[in-house]
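A short worksheet on the structure shown next.
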């Protein structure tokens with residue numbers, strides 16, 4: 001039921017099996033993704049009672065990369081709806097659409113590199129703070145930086 005990894009600009013398809021809610025009984029299977037934008041996906045009736053999700057490159061090319069919360073559900077024409085699953089999914093960026101330099105590091109990677117740079121440039125432990133001409137500078141204790149690093 002979980003959608004596969006999706007990269008903006010790529011074509012992707014997958015089958016979903018939903019026992020008890022076949023299309024021939026009037027049910028339709030859907031995904032709703034909410035995050036940097038709202039994305040609604042309606043599956044097609046597939047072979048053997050499964051549902052088929054088919055997304056073209058044109059479908060996904062306008063999707064904003066980032067983390068989305070998704071919910072999978074079935075609904076029928078009378079208004080009945082049943083949620084079948086939910087989780088998070090990352091839509092990956094379309095690297096071919098990027099025309100300039102991009103920082104593709106995750107937030108966690110950027111923060112770790114900042115902490116490591118701060119550790120490398122530290123003043124000695126006995127100089128956690130100093131004062132010059134009445135201006136005082138206090139440093140984050142190295143133990144705290146090391147704790148953040150882990």
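Numbering (my numbering), first residue to last: 1 to 150.
In this text, a Cβ means the ideal position worked out from N, Cα and C, and glycines have one as well.
Residue 39 (DSSP reduced to helix, strand or coil): strand
Bridge-paired residues (DSSP) for residue 83: 73
Limits of the unbroken alpha helix (DSSP H) element including residue 108: 107–120
Distance, residue 105 Cα to residue 136 Cα: 34 Å
Meets three-Cβ-pair contact criterion under 8 Å: the segment 45–53 and the segment 98–114: no
According to DSSP, residues forming a beta bridge with residue 66: 91
Residue 113 versus residue 65 - alpha carbon distance: 23 Å
Residue span of the alpha helix (DSSP H) that contains residue 61, given as start and end: 57–61
C-alpha gap between residue 100 and residue 109, whole angstroms: 21 Å
Beta-carbon contacts of residue 77 that lie in its chain and below 7 Å, excluding the five residues immediately before and after: 26
Residue 62 versus residue 143: straight-line alpha-carbon distance, rounded: 45 Å
Limits of the unbroken beta strand (DSSP E) element including residue 31: 27–34
Residue 148 beta carbon less than 7 Å from that of residue 119: no
Collapsed DSSP secondary structure at residue 96 in the structure displayed: helix
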